[in-house]
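Notes for the one structure printed next.
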Amino acid sequence: MLTNALREEGMARNKAEAEANEDRYRAPALDKGLDILEHLAGLEEGISQAEIAAALDRKPNEIYRMLDRLVKRGYVVRTSVDQYQLSLKLFELTHRHSPMRRLVVQSMPHLRQFAEAAQQGGHIALFERGGLTAIAQVDAPGYWGFGIRVGARFALRDSSSGHVLLAFASPQDRQFMLEQSEGEETALSAEMQDNLTRIREQGYEIMPSQQVEGVYNIAVPLLNSGGQAIAALACPWVKHLDHMNNPSREAVLELLFRTAESIRSGNTDT
């Protein structure tokens, strides 16, 4: 009996110590902020402060300061109708860490196979810090070609990659990208909106380069499981006058589709 009593007393003491240690390292404000981010991450549309509070079983005044800080730090966007939605900042942060490196490492063998088959250079670009950045690139085989350097930055609206990323973004993410874009208007013209709808329906963009005459930019999306583009796979296509079997733009587009699927699935055969 005494042994059992001592055992129970010891277990109760250990439990109390564990609870005390847990309380000692609690950070209620941090928990509150993470709760807000996790809740917004599961929503397609923005919601009001009162709706966020109700979902978290809190009063609106309990989350006001934290919500204000999340907006000021760029993690949450406040809309013109006083609703809140998650920004792309968390997405951008993940690309500074290992997921982006894994994407580059996983993509390079497929990019090399694409370049060999297409006789063209290719690259992968994503949106960060207000513009597009090339994170991976391969040169065309042979002694000359046209390509984009790794780390090169270019505008969102002036390239096939940017059009693809806009077309396959959610309305909230698209608005965020437009607002963050360097030196660009946030509103889309009716023509541009129609163009993005067309791109989403057909799954690609082909357009003359806005920087170099004679180059056609071809791009397809690298999609996540939710059907949104995490990056664009692109080729600056140029016609080779010294090769009779130079793959056409249409043939290169098909190779891009196959390469994007291989990157997504991890298949080594393109």
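The numbering of the sequence shown is the numbering used here, which starts it at 1303 and goes up by one. All C-beta atoms in this analysis are idealised placements derived from N, C-alpha and C, irrespective of residue type, glycine included.
Just the Cα atoms here: how many angstroms apart are residue i and residue j?
| i | j | result |
| --- | --- | --- |
| Q1495 | R1328 | 47 Å |
| K1391 | W1539 | 32 Å |
| N1636 | V1466 | Summary: the structure shown does not reach residue 1636, with the chain confined to residues 1303 through 1572, and so no result is reported for it. |
| A1355 | D1337 | 10 Å |
| E1488 | V1379 | Sequence inspection shows Thr at residue 1488; the Glu mentioned does not correspond to that position. Going by the C-alpha atoms only, they are around 15 Å apart. |
| L1339 | D1384 | 17 Å |
| D1359 | R1371 | 20 Å |
| L1434 | E1394 | 12 Å |
| R1560 | G1453 | 25 Å |
| S1567 | R1476 | 26 Å |
| I1365 | E1353 | 11 Å |
| Q1351 | K1374 | 15 Å |
| A1436 | P1411 | 17 Å |
| P1549 | I1508 | 15 Å |
| P1362 | L1558 | 49 Å |
| E1481 | K1541 | 36 Å |
| R1500 | S1527 | 21 Å |
| E1346 | D1544 | 51 Å |
| L1413 | A1531 | 18 Å |
| P1330 | R1404 | 34 Å |
With a threshold of 8 Å on Cβ separation, who are the neighbours of residue i within its own chain once the five nearest residues in sequence on each side are excluded?
| i | result |
| --- | --- |
| T1381 | G1348, Q1387 |
| E1552 | none |
| M1479 | L1390, F1429, L1458, L1467, L1468, A1471 |
| G1376 | S1389, K1391 |
| E1493 | none |
| V1517 | F1448, P1510, S1511, P1538, W1539, V1540 |
| V1554 | A1420, Q1422, I1520, C1537, W1539 |
| G1505 | V1522, P1523, F1559 |
Once the 5 residues before and after residue i are set aside, which same chain residues still bring their CB inside 6 Å of it?
| i | result |
| --- | --- |
| A1357 | H1341 |
| Q1474 | Q1387 |
| A1562 | V1522, L1524, L1535 |
| L1490 | none |
| Y1445 | none |
Which residue's Cα is closest to the Cα of residue i: the options?
| i | options | result |
| --- | --- | --- |
| L1525 | D1333, S1472, E1418, L1336 | S1472 |
| Q1415 | G1433, D1441, L1395, F1393 | D1441 |
| P1523 | S1463, R1500, K1541, C1537 | S1463 |
| E1430 | S1491, E1563, R1367, A1533 | A1533 |
| E1503 | G1376, G1568, G1529, R1566 | G1529 |
| L1369 | E1353, A1343, A1521, G1335 | G1335 |
| L1332 | R1367, K1361, P1362 | R1367 |
| L1498 | Q1482, V1517, G1516, A1521 | A1521 |
| A1420 | S1564, I1565, E1556, E1563 | E1556 |
| S1564 | Q1408, P1330, L1490, L1543 | Q1408 |
Given residue i, which residues of its chain have a CB within under 7 Å of its CB, disregarding the five upstream and five downstream residues?
| i | result |
| --- | --- |
| G1344 | none |
| E1418 | P1443 |
| L1304 | In this prediction, L1304 scores a pLDDT of 41, lower than 50, which makes its location untrustworthy; the coordinate-derived value is nonetheless stated afterwards. Once the five neighbours on either side are set aside, L1304 has no close Cβ partner at all. |
| V1406 | I1437, A1438 |
| M1402 | I1437 |
| A1519 | Sequence inspection shows Asn at residue 1519; the Ala mentioned does not correspond to that position. The residues are S1461, S1462, M1509, S1511, A1536, P1538. |
With a cut-off of 8 Å, do at least 3 Cβ pairs link the region 1440-1460 to the region 1502-1521?
-> In short, these stretches touch, since the Cβ pair count reaches three.
Touch check for the region 1443-1451 and the region 1418-1426: three-plus C-beta pairs under 8 Å?
-> By the Cβ test, the region 1443-1451 is in contact with the region 1418-1426, since at least three Cβ pairs between them sit closer than 8 Å.
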